Each structure stands twice: as C-alpha cells, then as structure tokens.
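Visitor: First residue of the sequence shown? That's 1126 in the numbering used here, and the numbers climb one at a time after it.
Ideal Cβ placement from N, Cα and C applies to all residues, glycine included.
Quick caveat, the model's predicted, so the values are computed rather than measured.
I have a structure I would like to understand better, so I am pasting it below and will then ask my questions one at a time.
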Amino acid sequence: MNSYGLLKALHLVFVVSWFAGLFYLPRIFVNLAMETDAKATLRLTLMASKLYRFMTPLALLALTFGSWLWLGFGISGGWLHVKLALVLLLLVYHGCCRQLLKSFVEGRNQHSHRWYRVFNEIPVLLLFAVVFLVVLKPF
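Structural data, given as structure tokens:
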C-alpha cells in the first residue's frame, strides 16, 4: 500500500463522515424549529450538541489529510482552487451550524422549519460541485 493511497482513503473516510454530520444536524434543526414540547426540545438540542462536537474533529481530520495530499504530493490545477474555495464555504456553513445551534440552546431561534429545510440543501449542492471537480478536473 502506498502512502498516497492511504492518505486519500483516510481523507475520503473523514470527508464522508463530516458530511454525514453536515446533512443530519440541519435536519435536527428542522425538527427543533417545529417542536413545541420543552422536553423534546431539550432532547433534540442535546442530540444536536453531541453531533456537532462529534463532527468537528471529523472536519479537522478531513482538512488535515486533504492538506497533506495537496502539499505533500503537489496536487495542483485550476479545479483545485475552486475546490478549496468550496471547502472554505463548507467551513463557513459548519460555523453557521454552530451559531444556529447556540441560538436553539439559548431559546432564541429566529428561523422557521422551512428555512432550515432550504439551509439543509446547501451541503448537498457543495458536495456535488466538489465531487465533480475532483473526478473530472475540468480545468
């Protein structure tokens, strides 16, 4: 097994794991925005908090192995610049999830469940773009 293949596999595992959190956390937000029962709200905010704490190290590991691939193996091309910009957007999205979670924990959510349903689609669109860029390397 070569080091490039091992690093690429680790990067992919952590990217997939991070995205599982990015897909599920906003789904919990949808349920929180619709919830009226205090006990259920407490349970959902606890779930969301635990998920966020779990997915943050996964994001850091995905970034670590991705950076290692990029810098250690000299991966380059115009497609990579766009991919890195999209990864930056994903990190911003991750940070937005933190702020939204904080608003739920503090009882000051300002958004409807419909807003969270739309918000939940952002990582899907970014994932499509990143995968197509990495596989096709169009420029």
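With C-beta atoms as the reference, is Trp-1193 less than 8 Å away from Leu-1132?
Guide: Counting from one through the sequence shown, the residue named residue 1193 turns up at place 68. Counting from one through the sequence shown, the residue named residue 1132 turns up at place 7. Going by C-beta atoms, Trp-1193 is nearer than 8 Å to Leu-1132.
Visitor: Looking only at its own chain, which residues have a Cβ that is under 6 Å from the Cβ of Gly-1232, when we skip the five neighbours before and after it?
Guide: Stepping through the sequence shown from its first residue, residue 1232 is reached at position 107. Once the five neighbours on either side are set aside, Gly-1232 has no close Cβ partner at all.
Visitor: What residue does the alpha helix (DSSP H) around Arg-1233 start on, and which one ends it?
Guide: By one-based count along the sequence shown, residue 1233 stands at place 108. It is not in any alpha helix (DSSP H) - Arg-1233 carries neither H nor E in the DSSP assignment.
Visitor: By a C-beta neighbour count over all protein chains shown, 10 Å radius and 16 as the cutoff for buried, is Ala-1161 buried or exposed?
Guide: Locating residue 1161 in the sequence shown gives position 36, where the first residue counts as 1. Sequence inspection shows Thr at residue 1161; the Ala mentioned does not correspond to that position. By the 10 Å Cβ count, Thr-1161 comes out exposed.
Visitor: Evaluate Cys-1222 with the Cβ neighbour count: other Cβ atoms within 10 Å of its Cβ, from every protein chain shown; 16 or more gives buried, anything less gives exposed.
Guide: As a working mapping, residue 1222 is identified with position 97 in the sequence shown. It counts as buried.
Visitor: State the Cα-Cα distance for the pair Leu-1137 and Thr-1166, rounded to the nearest angstrom.
Guide: Numbered from 1 along the sequence shown, position 12 holds the residue referred to as residue 1137. Numbered from 1 along the sequence shown, position 41 holds the residue referred to as residue 1166. Their Cα atoms are separated by approximately 34 Å.
Visitor: Tell me the residue span of the alpha helix (DSSP H) that contains Lys-1262.
Guide: Looking up residue 1262 in the sequence shown gives position 137. Element bounds for Lys-1262: n/a, residue is neither H nor E.
Visitor: What first and last residue would you give for the alpha helix (DSSP H) that runs through Gly-1202?
Guide: For the purposes of this step, residue 1202 is identified with residue 77 of the sequence shown, where counting begins at 1. Gly-1202 -> no alpha helix (DSSP H), and no H or E assigned at all.
Visitor: Quick check on the burial criterion: 16 or more other C-beta atoms within 10 angstroms. Buried or exposed for Tyr-1129?
Guide: Taking the sequence shown and counting its residues from 1, the one referred to as residue 1129 is at position 4. That one is exposed.
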